[in-house]
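Residue numbers (mature numbering (1 follows the signal peptide of the UniProt record, and there is no 0)): -19 to -1, 1 to 627.
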């Protein structure tokens, strides 16, 4: 038989009717309705891939006796192709097969999965039977008391996993009625209910009756009430939400428990509730309070709720006072003038709408201050000190007794509409540090105003300032050097604030403070590396650009050509045409022989293309050649030229 590798973790500590709590297993027992039989069910934290033996201890027995000759084990699941609701298999068989074949691998998902499967095994006896966790004992006698134990076979050994509470064979008794069912209206279409918790039962069904209509069960699946967690009694709670419920309708509810074997219990006493209007009216909109000389004028738009019957206006004199009702207004009223405020004080108001059912809804509070309207004097002596990345403002303190502090504004041009307030609350200090990015080159305009406790703001003190430029420009971006018209040329790009450039070849400055974006020079005869440094108008120098290299074309070692000889008195001048040479070229050397002897060098390595020979023997025939030499020892000879010394 195929073994099922599904692990079942029942995390709640269950202690239902006929169940015995143990660390390994929870064992349930119950009487089969209408029969003298005992059914046993157990839930383990081990899994469906285990096998089990059932033991029983009867009247007068001191030891448990094994009831199962063959171990109980999980049934194989249905093939995937058969796992459809066609009527061929029961819902229990289909749900068991899907659970057995879809065990998640992730730890977090596995925890939720095992809790769900455990509740399914508790609620569905056929599900537990398929999982190998159910046994029916038909060999019992009425009036006798029995106790059951469960042993698990693991790696060939039996391990005791748990015991049931003793159970006496007597006529089946349905679970008792849940007690103290209480209803509460949570919203226009939602009714919640609670009842007294009973530790012997986990699952419940709810039944509802609307007016004189027939009662019907409204819970498709049983409500699961968890057991004690950390010593706290769990909540028995269910909310019945239905958008079709209407004000004035009456609903009656009953609740019934289910035991561990799916047997329904007795109904609770019915509880009835008539839906009321608990929806508050819409609050008045756009409540505004404005000063009107010594009075406060309040205006609003009326509530849009048809059942609104009027308003109540509340006022308090300070933030920490308690609001007091000052007027009752009709639903059609939209203006109220408060003539009681004292000059120099601040006031808070809100308006509350009330409907015919007594539901209320308030506006947000509004405030108004009846204070002196004389602003403080303009701050005097405003100055600015600038440095890299910061501008420090300072001014002389004001002398008003009701001074609250100062506000600072900043803009890029001196236009009142462009200024932005730099902090929300007024500051007491008479200095302000404005930290800015070092790269900013703008001239900033500042306004400093004084603010009193009545929020009167002075005329602004205005000045402008800019930070010194201490930030170097970014390095130029060099193009690739190219040979054009016999010269090596390259160009570059840079930021817009650059005034000049220094050009370097192999760390040697070739051109300083040039103002163009291009440079050229005669083509070097060897590898050359170029860099450019940008200089802005403040003299800040960038880091050198990324190096660009010039590599001469790869050439073969070429022999000298057009060797010519000319006597100048006693000396012989030798000249030749030098060809472009590859990198690693060492120089030229003149070699001479007389007669049929070997050519011998008569000059050191030369970089120029001429030599003077002064040690020749008189009246002797010579054959002269010029040789080009490389660092690798390669040599290329010119054609020989013959002459006779004088």
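Note that CB positions come from ideal geometry on N, CA and C, so glycine has one too. Treat the numbers as computed from the prediction; the structure is a model and nothing was measured.
What is the DSSP secondary structure of residue 397, reduced to helix, strand or coil?
Mapped onto the chain shown, residue 397 falls at position 416. Residue 397: helix per DSSP, three-state reduction.
Our contact map puts residue 557 next to residue 543 with C-beta atoms below 8 angstroms; I'd like the distance itself, whole angstroms only.
Position 576 of the chain shown holds residue 557. Position 562 of the chain shown holds residue 543. Their Cβ separation, rounded to whole angstroms, is 6 angstroms, which keeps residue 557 and residue 543 in contact under 8 angstroms.
What distance in whole Å lies between the Cβ atoms of residue 243 and residue 118, which are believed to be in contact at a cut-off of 8 angstroms?
To locate residue 118, count along the chain shown from 1; it is residue 137. To locate residue 243, count along the chain shown from 1; it is residue 262. Contact doesn't hold; Cβ gap of about 18 angstroms is too wide.
Can you tell me the Cα-Cα spacing of residue 52 and residue 33, whole angstroms?
Taking the first residue of the chain shown as position 1, residue 52 is located at position 71. Taking the first residue of the chain shown as position 1, residue 33 is located at position 52. Rounded to the nearest angstrom, the two C-alpha atoms are 5 angstroms apart.
Simplified DSSP state of residue 285, which is helix, strand or coil:
On the chain shown, position 304 is the one that residue 285 refers to. Three-state result, residue 285: coil.
Neighbourhood of residue 186 by C-beta, 8 angstroms cutoff - its chain only, sequence neighbours within 5 removed:
Along the chain shown, one-based indexing puts residue 186 at 205. So the list reads 198, 200, 203, 204, 236, 237, 239 and 245, once near-sequence residues are dropped.
Tell whether a beta-carbon distance below 9 angstroms holds between residue 621 and residue 605.
Residue numbering aside, residue 621 sits at position 640 when the chain shown is read from its first letter. Residue numbering aside, residue 605 sits at position 624 when the chain shown is read from its first letter. Against a cut-off of 9 angstroms, the Cβ pair of residue 605 and residue 621 comes out as a contact.
Assign residue 4 to buried or exposed, taking buried as 16 or more other Cβ atoms, counted over all protein chains shown, within 10 Å of its Cβ.
By 1-based counting over the chain shown, the position of residue 4 is 23. Residue placement at residue 4 cannot be trusted, given a pLDDT of 49 that sits under 50; what the coordinates show is reported in the next sentence. Residue 4 is exposed by the Cβ-count criterion.
In the DSSP assignment, find the unbroken alpha helix (DSSP H) run with residue 78 in it and report its ends.
Counting from 1 along the chain shown, the entry for residue 78 is found at position 97. Its alpha helix (DSSP H) spans residues 72 to 82.
Burial state of residue 9, where buried means 16 or more other Cβ atoms lie within 10 Å:
Stepping through the chain shown from its first residue, residue 9 is reached at position 28. When all chains shown are included, residue 9 counts as buried.
Bounding residues of the beta strand (DSSP E) (the contiguous stretch that carries residue 547)
Counted from its first residue, the chain shown places residue 547 at position 566. Element bounds for residue 547: 542 to 549.
Are residue 114 and residue 102 closer than 9 angstroms when you measure CB to CB?
Taking the chain shown and counting its residues from 1, one reaches residue 114 at position 133. Taking the chain shown and counting its residues from 1, one reaches residue 102 at position 121. Yes, Cβ-Cβ distance for residue 114 and residue 102 is below 9 angstroms.
Is it buried or exposed for residue 528, if we count other Cβ within 10 angstroms and need 16 for buried?
Here residue 528 refers to the residue found at position 547 of the chain shown. By the neighbour-count rule (16 or more Cβ atoms within 10 Å), residue 528 is not buried but exposed.
Quick one: measure Cβ to Cβ for residue 573 and residue 607, integer angstroms, because I've assumed they're closer than 8 angstroms.
By 1-based counting over the chain shown, the position of residue 573 is 592. By 1-based counting over the chain shown, the position of residue 607 is 626. Contact doesn't hold; Cβ gap of about 10 angstroms is too wide.
If you draw a straight line from the alpha carbon of residue 478 to that of residue 523, how long is it in whole angstroms?
As a working mapping, residue 478 is identified with position 497 in the chain shown. As a working mapping, residue 523 is identified with position 542 in the chain shown. Separation of residue 478 and residue 523 (C-alpha to C-alpha, rounded to the nearest whole angstrom) is 12 angstroms.
Leaving out the 5 sequence neighbours to the left and right, which residues in its chain are closer than 8 angstroms to residue 125 when beta-carbon positions are compared?
On the chain shown, residue 125 is found 144 positions in, with the first residue counted as 1. Closer than 8 angstroms at the Cβ level, and outside the excluded window around residue 125, lie 39, 40, 149 and 150.
Coarse secondary structure for residue 554, derived from DSSP in three states
Counting from one through the chain shown, the residue named residue 554 turns up at place 573. When DSSP states are grouped into helix, strand and coil, residue 554 belongs to the strand group.
Contact the segment 297 to 307 vs the segment 265 to 284: 3+ CB pairs below 8 angstroms
These segments do not touch.
Where do the N-terminal and C-terminal ends of the beta strand (DSSP E) with residue 104 fall, by residue?
In the chain shown, the residue the question calls residue 104 occupies position 123. Unbroken run through residue 104 is the alpha helix (DSSP H), 88 to 104; no beta strand (DSSP E).
Buried or exposed: where does residue 218 fall if 16 or more other Cβ atoms within 10 Å of its Cβ makes it buried?
Here residue 218 refers to the residue found at position 237 of the chain shown. Exposed, because fewer than 16 other Cβ atoms sit within 10 Å of the Cβ of residue 218.
May I ask which residues mark the beginning and end of the beta strand (DSSP E) holding residue 273?
What you label residue 273 is simply residue 292 of the chain shown in a count that begins at 1. Where residue 273 is concerned, the enclosing beta strand (DSSP E) stretches over 266 to 273.
Spatial neighbours of residue 153 in its chain, beta-carbon cut-off 6 angstroms, leaving aside the 5 residues before and after
Counting from one through the chain shown, the residue named residue 153 turns up at place 172. Answer for residue 153: 12 and 14, listed in chain order.
Cα-Cα separation between residue 486 and residue 402, rounded to whole angstroms:
As a first step, residue 486 is located in the chain shown; it is residue number 505 there, counting from the start. As a first step, residue 402 is located in the chain shown; it is residue number 421 there, counting from the start. Rounded to whole angstroms, residue 486 and residue 402 show a C-alpha spacing of 52 angstroms.
Opposing strand residues paired with residue 140 [DSSP bridges]
Locating residue 140 in the chain shown gives position 159, counting from the first residue. In the DSSP output, where bridge partners are listed per residue, residue 140 has 133.
Reduced DSSP secondary structure (H/G/I, E/B, other) of residue 2
Taking the chain shown and counting its residues from 1, one reaches residue 2 at position 21. Below a pLDDT of 50, predicted positions are generally treated as unreliable, and residue 2, at 43, falls in that range; no measurement from the model is reported.
I need the straight-line Cα distance from residue 600 to residue 471, nearest angstrom please.
Residue mapping note: residue 600 aligns to position 619 of the chain shown, counting from 1. Residue mapping note: residue 471 aligns to position 490 of the chain shown, counting from 1. Whole-angstrom Cα-Cα distance: 57 angstroms.
Just the Cα atoms here: how many angstroms apart are residue 511 and residue 531?
Here residue 511 corresponds to residue number 530 of the chain shown, with the count starting at 1. Here residue 531 corresponds to residue number 550 of the chain shown, with the count starting at 1. Taking the straight line joining both Cα atoms gives about 8 angstroms.
Have a look at residue 175 and residue 250 and give me their C-alpha separation to the nearest angstrom.
Counting from one through the chain shown, the residue named residue 175 turns up at place 194. Counting from one through the chain shown, the residue named residue 250 turns up at place 269. About 13 angstroms.
Between the C-alpha atoms of residue 333 and residue 311, what's the straight-line distance to the nearest angstrom?
As a position in the chain shown, residue 333 is number 352, starting the count at 1. As a position in the chain shown, residue 311 is number 330, starting the count at 1. The straight-line gap from Cα to Cα measures roughly 12 angstroms.
Proximal residues to residue 328 (C-beta, below 8 angstroms), its chain only, five neighbours per side dropped
Translated into positions along the chain shown, residue 328 becomes position 347. Within the same chain, residue 328 has close Cβ partners 270, 277, 296, 297, 298, 319, 322, 348, 349, 350 and 351.
Through-space distance from residue 426 to residue 445, alpha-carbon basis:
In the chain shown, the residue the question calls residue 445 occupies position 464. In the chain shown, the residue the question calls residue 426 occupies position 445. C-alpha separation (whole angstroms): 4 angstroms.
Cβ neighbours of residue 450 in the same chain (closer than 6 angstroms, five flanking residues each side left out):
Here residue 450 corresponds to residue number 469 of the chain shown, with the count starting at 1. The residues 519, in chain order, have a CB closer than 6 angstroms to that of residue 450 in the same chain once the five nearest residues on each side in sequence are set aside.
State buried or exposed for residue 98, treating a residue as buried only when at least 16 other CB atoms are found within 10 Å of its CB.
Here residue 98 refers to the residue found at position 117 of the chain shown. Within a 10 Å sphere around the beta-carbon of residue 98 sit 16 or more other beta-carbons, which makes this residue buried.
What separation, rounded to the nearest whole angstrom, lies between the Cα atoms of residue 292 and residue 338?
Taking the first residue of the chain shown as position 1, residue 292 is located at position 311. Taking the first residue of the chain shown as position 1, residue 338 is located at position 357. C-alpha separation (whole angstroms): 14 angstroms.
How should residue 95 be labelled, buried or exposed, when 16 other C-beta atoms within 10 angstroms of its C-beta is the threshold for buried?
As a first step, residue 95 is located in the chain shown; it is residue number 114 there, counting from the start. So residue 95 ends up on the buried side.
Whose CA, out of 436, 434, 376 and 380, lies closest to the CA of residue 414?
Counted from its first residue, the chain shown places residue 414 at position 433. Checking every option, the nearest Cα to that of residue 414 belongs to 376.
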